Structure formats: structure tokens, C-alpha cells
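Asker: Residues in the sequence shown are numbered from 293 upward in steps of one, following the working numbering.
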Amino acid sequence: MEQPDPMIHFENVTKEYELQTALRDVTCSIEKGEMVFLTGPSGSGKTTMLKLIYLAELPDQGDITIAGWNTGTLKESSIPFVRRNIGVVFQDFRLLDNRNIYENISLALRIRGIGEREIKARVYEALKTVNLRHKADSYPRRLSGGEQQRIVIARAIVAEPTVLLADEPTGNLDPETAEDVLKTFKDIHAKGTTILIATHNRELYMNSGKRVLRLEAGSLVSREVC
Ligand SMILES: Nc1ncnc2c1ncn2[C@@H]1O[C@H](COP(=O)(O)OP(=O)(O)O)[C@@H](O)[C@H]1O
Ligand SMILES: [Mg+2]
293 MEQPDPMIHF ENVTKEYELQ TALRDVTCSI EKGEMVFLTG PSGSGKTTML KLIYLAELPD
353 QGDITIAGWN TGTLKESSIP FVRRNIGVVF QDFRLLDNRN IYENISLALR IRGIGEREIK
413 ARVYEALKTV NLRHKADSYP RRLSGGEQQR IVIARAIVAE PTVLLADEPT GNLDPETAED
473 VLKTFKDIHA KGTTILIATH NRELYMNSGK RVLRLEAGSL VSREVC
């Protein structure tokens, strides 16, 4: 039997910044529908790896394939099409304080020219997934940290991406709230989305039964199920 193509594949990927090799000869795959954690100390290359997948950066050496697209041979004009398959929960993509939750989540759909009826259906579906339907009319600052993070996740999934990337999604949350956020990711994963979560929060992945990719100084040092 032929193996299906992985959703994400890194082949001997190296990424260098001026003073630093952020990733060194990394080879790994994430299968379709898999939920994987990416861990390692601060500065080990986790965010860099996510940025490469999201095409915010390009590798200096090696190949990256996302959903069958080789990012090395991709035309610049195709980048938005690849990105449409990817939802992101990144620390620097904050909610807009002067827009309510419904508007925050709908923005990404509106700029794609999707009609208002469909936007409404999708926004409420995303809010249902993160269990916050009743907050559609609230403003971000009225929500707790954990609720805000779940809204960020709703915004990331509203366009129904096949891949969801999250960078330290529980970084500023207490353990109980972090648990709620993890539950939200598990629910999304159960619907078939491929998920990669960068975190140094051991609580999230210990005994999770998921694969954990561990980086140290830019090198992939283990890939075990925890
Ligand atoms: N834009 C950048 N310019 C220069 N160096 C960078 C840049 N981004 C990351 N680095 C360096 O690359 C290494 C990996 O960073 P990063 O991927 O952010 O690690 P992590 O997310 O695991 O903390 C670090 O040494 C960091 O200082
Ligand atoms: Mg980081």
C-alpha cells in the first residue's frame, strides 16, 4: 500500500538568521489529521518552524512541503492560496479591542468577499466549537484571558483551514484555563484538522498520547509519543 503524503514535510531544513542558526538540518513529517506538539527551550527554533510553515519565512536550505505544495518552488502570487489552508494562533495577532467578537472573527472572511449570510453561519459555527456562542456581541476586553484565547482560536478556524498552527497558546494562562484551551484544540482536532502546537508547557503534552517534536538549539532531538 502506498503511504499517503504527509500534511507537512520538512526535508533537511536549515534556517539562518544573521547571527544565529535558528533551525539546523530538520527533517520531519506531520501526517494529515495528526495533532503534534513542538517543544524545546526558549530560542530553540519553535517559532521559526511555525513561521516557515506559514510562509512568513523561507528556508536557507532544504525543502518544505505543505499539503502537497513545495514552498521552495512556489510563485509569490500563490502564497495566499497556501496560507488559506492554514489557521494561525500567533502571539502577535491580537484581537481588535474596538470591534466586537463577531466582527473580530468575521474579518478574515469579509476580506475574501464571502457573503454576509455565509459569514454569519461560519462565525457562529466557530464560536460553537470554542464554546463561546453567547459572547458574539461582547468586546475583547470584557472577556477573561482564556476566553480571549479561545476567540483567537475561533478566528483561526473560521475559514476552515486544514492545518492549525499555535505558538505558545497557553503562555499567559493559569493551569485551569490552559486546560480549557487544550480541550478546544482537541475538539478541533477531532473534526479532522491537523494541529501543531508549539509550547514549553509540559502539562499540555505529558500523557497526551500525541507525538512531541523536541528542538534543542535548532536541531530536532526527539519525536516521541508522550
Ligand atoms: N527575526 C530574527 N532575526 C534574528 N534572529 C532571530 C529572528 N527570529 C529568531 N531568531 C533567533 O533564532 C533562534 C530561534 O528563535 P525562535 O524560533 O523564536 O525560538 P523559540 O520560539 O523556540 O523560542 C533564536 O536564537 C532567536 O534569537
Ligand atoms: Mg517562540
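Even for Gly, the Cβ is constructed at its ideal location relative to N, Cα and C.
Predicted model only: the values in this text are computed from it and were never measured.
With a threshold of 7 Å, establish whether the CB of Ala490 neighbours any heavy atom of ligand 2.
Answerer: Yes; taking the cut-off as 7 Å, the Cβ of Ala490 has a heavy atom of ligand 2 nearer than that.
Asker: Would you identify the three-state DSSP class for Phe302, choosing helix, strand or coil?
Answerer: Looking at Phe302 - three-state DSSP - the assignment turns out to be strand.
Asker: For Ile393 versus Lys427, is the C-beta distance shorter than 8 Å?
Answerer: The answer is yes: Cβ separation under 8 Å.
Asker: Could you name the residues that DSSP lists as bridge partners for Gly379?
Answerer: According to DSSP, Gly379 bridges with Leu456.
Asker: Does Val513 pass the burial test, meaning 16 or more other C-beta atoms within 10 Å, or should it be called exposed?
Answerer: Classification for Val513: exposed.
Asker: For Ser514, which beta-bridge partners are listed by DSSP?
Answerer: BP columns for Ser514 point to Arg506.
Asker: Can you list, in chain order, the stretches of the alpha helix (DSSP H) that have 4 or more residues and sit fully within the stretch 294-376?
Answerer: The stretch 294-376 contains these whole alpha helix (DSSP H) runs: 338-345, 371-375.
Asker: Quick test of your reading: Arg425 and Tyr431, contact by CB under 8 Å. State the CB separation rounded to the nearest angstrom.
Answerer: Not quite, the Cβ-Cβ distance comes to about 16 Å (not below 8 Å), so this is no contact.
Asker: What does DSSP give as the partner residues of Leu245 in its beta bridges?
Answerer: The first residue shown for the chain is 293 and the last is 518, placing residue 245 beyond what the model contains.
Asker: Val517: which of Gln353, Leu496, Glu468 sits nearest, CA to CA?
Answerer: Closest by alpha carbon: Leu496.
Asker: If distances are taken between C-alpha atoms only, which option among Gly405, Glu439, Leu456 comes closest to Lys420?
Answerer: Cα-wise, what sits closest to Lys420 is Glu439.
Asker: Nearest to Ile358 by CA position, among Ser436, Ser398, Asp297, is which residue?
Answerer: Closest option to Ile358, Cα to Cα, is Asp297.
Asker: Secondary structure at Phe477, three-state DSSP: helix, strand or coil?
Answerer: Three-state DSSP puts Phe477 in a helix.
Asker: When you compare the CB positions of Ile356 and Val305, do they come within less than 8 Å of one another, or not?
Answerer: Against a cut-off of 8 Å, the Cβ pair of Val305 and Ile356 comes out as a contact.
Asker: In terms of residues, what are the limits of the alpha helix (DSSP H) holding Ser398?
Answerer: 393-402 is the span of the alpha helix (DSSP H), which, as asked, contains Ser398.
Asker: How far does the alpha helix (DSSP H) with Tyr416 in it reach, from first residue to last?
Answerer: Residues 408-421.
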